[in-house]
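Number of protein chains: 2
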Amino acid sequence: MAALPQISEAEFEVMKVVWKYAPISTNEITERLVRTTTWNPKTIQTLIKRLVTKGVLSYEKQSRVFVYTPLVKESDYIGQESASFLNRFYDGNIASMLSAYIDNDRLSESEIDTLRSLLSKGDKKREN
Amino acid sequence: MAALPQISEAEFEVMKVVWKYAPISTNEITERLVRTTTWNPKTIQTLIKRLVTKGVLSYEKQSRVFVYTPLVKESDYIGQESASFLNRFYDGNIASMLSAYIDNDRLSESEIDTLRSLLSKGDKKREN
DNA sequence: CTTCAAATATTACATCTGTAATAAAAATAT
DNA sequence: ATATTTTTATTACAGATGTAATATTTGAAG
C-alpha cells in the first residue's frame, strides 16, 4: 500500500466534487465550487492543476475541454487519513477515540443505538 | 469557544512532551525529543519558540533556564481536532465514521466488547 | 485566414512548516 | 574582569499551501 499523494485541505474540497460527479469538466467543477466556497475561479483552476500534477486526477481532452477522473479512490484516501488521525491523536486506540467523542459530543440516544447496531453487524461478519 | 492556535504536526510532538511533563525546561524537552525523534536540538528549539509565539506555551525564567507550561489544554486541542476531522471526512456523522473504522481496521472481538461497554456507560450517564 | 473568446498554462507572492545554522546574551569558570 | 560555555534569539532557506493574476494556446465566429 504505497502512500497516497498528499492532498491539501483546499484540494480535498475539489476532490469531493470530482469523486461525486466524475467524469467532470473543469467548468463543472468550477461552477459547483464557486457556489459552495468563496474561491475565485482562478483559484479553483490552480487547485485542479495541482491535483493533476500530484497524480490524484487524470484528464482527457473531450472535444475542446478537459474532463477529469480521480486516480485515487475516496475510500482509500479517507481510510488513510483516518488511520493516521487515529494514530496521531489516540495512539491508534479506537476505544479511547470513541470514548472521547462520546464524552464531548454527547450523542443522542438514537445515535448510540446506531452505533450499537454497527457493532453487532460487525459480529455477524466475523461469524461467517 | 475561540479557535485554538494552529499547531503543526512537528509542534504537536513537542506539545505531547510538554503536556505530559510540564512544567518542563528547554533542555528536558530537548533531551526527550532527541531520543524519540531524529530531530536536531536546534530544530526542537525552533519548534518551542514557535509554540511560544503562537501562544500555545508560556514560559518563566527559573534561575537561569526557561521552564514551559501549556496555555492550551491537551483535551481541548484534541477535542477540536477530532471535531474538525469528523466534519471534514465524515460530514459530522459519528456512525459513518465508526462504520468505516470497523470495516477497515477489522477490530478484534475484545475491542468490539470494549466499544460496546463504552456505549452502555454512555447510557448510565444519560440516566442521571 | 483573421480575430475573439474560452480554456489552459505559467508566474506570483505571502504564510506556514520542516529543518537548521549563526549570532548574541548571560552564566560560569578562571 | 575576561574567557568559555550554555542558553536564548535571530536568520535562513526550500517546499507546501492559499489565493490569485497574467500569458499563451486553441477552437469558434466571421
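Residue numbers (the numbering used here), protein chains in the order written: chain A, 5 to 132; chain B, 5 to 132.
All C-beta atoms in this analysis are idealised placements derived from N, C-alpha and C, irrespective of residue type, glycine included.
Predicted, not measured: the structure shown is a model, and the values here were computed from it.
Q.
Considering just the uninterrupted stretch of the beta strand (DSSP E) at B:LEU171, what are its terminal residues?
A. In the structure displayed, chain B extends from 5 to 132; residue 171 of chain B sits before or after that span and is not available.
(Q) For chain A, check one thing: does any of its Cβ atoms lie closer than 8 angstroms to the Cβ of B:GLY83? (A) yes
Q: Say whether the stretch 92-105 of chain A touches the stretch 103-121 of chain B, bearing in mind that this needs 3 or more beta-carbon pairs closer than 8 angstroms, one atom from each stretch.
A: yes
Q. Nearest-angstrom Cα distance between B:ALA6 and B:ASP117?
A. 37 angstroms
**Q.** B:SER12 versus B:ARG36: straight-line alpha-carbon distance, rounded
**A.** 19 angstroms
Q) Would you say A:ALA14 touches the ligand GTP, meaning its beta carbon is less than 7 angstroms from a heavy atom? A) For the ligand GTP, the structure offers nothing, since it holds no ligand at all.
Q.
So the candidates are B:GLU32, B:LEU122, B:LEU55; which of them puts its Cα closest to the Cα of B:GLN10?
A. B:LEU55
**Q.** Sequence-distant residues of the same chain with beta carbon closer than 6 angstroms to A:ARG110, five excluded per side
**A.** none
Q: Starting from A:SER12, follow the beta strand (DSSP E) in both directions and report where the run begins and ends.
A: It is not in any beta strand (DSSP E) - A:SER12 carries neither H nor E in the DSSP assignment.
(Q) Quick check: the stretch 63-76 of chain B against the stretch 22-42 of chain B, are at least 3 beta-carbon pairs closer than 8 angstroms? (A) yes
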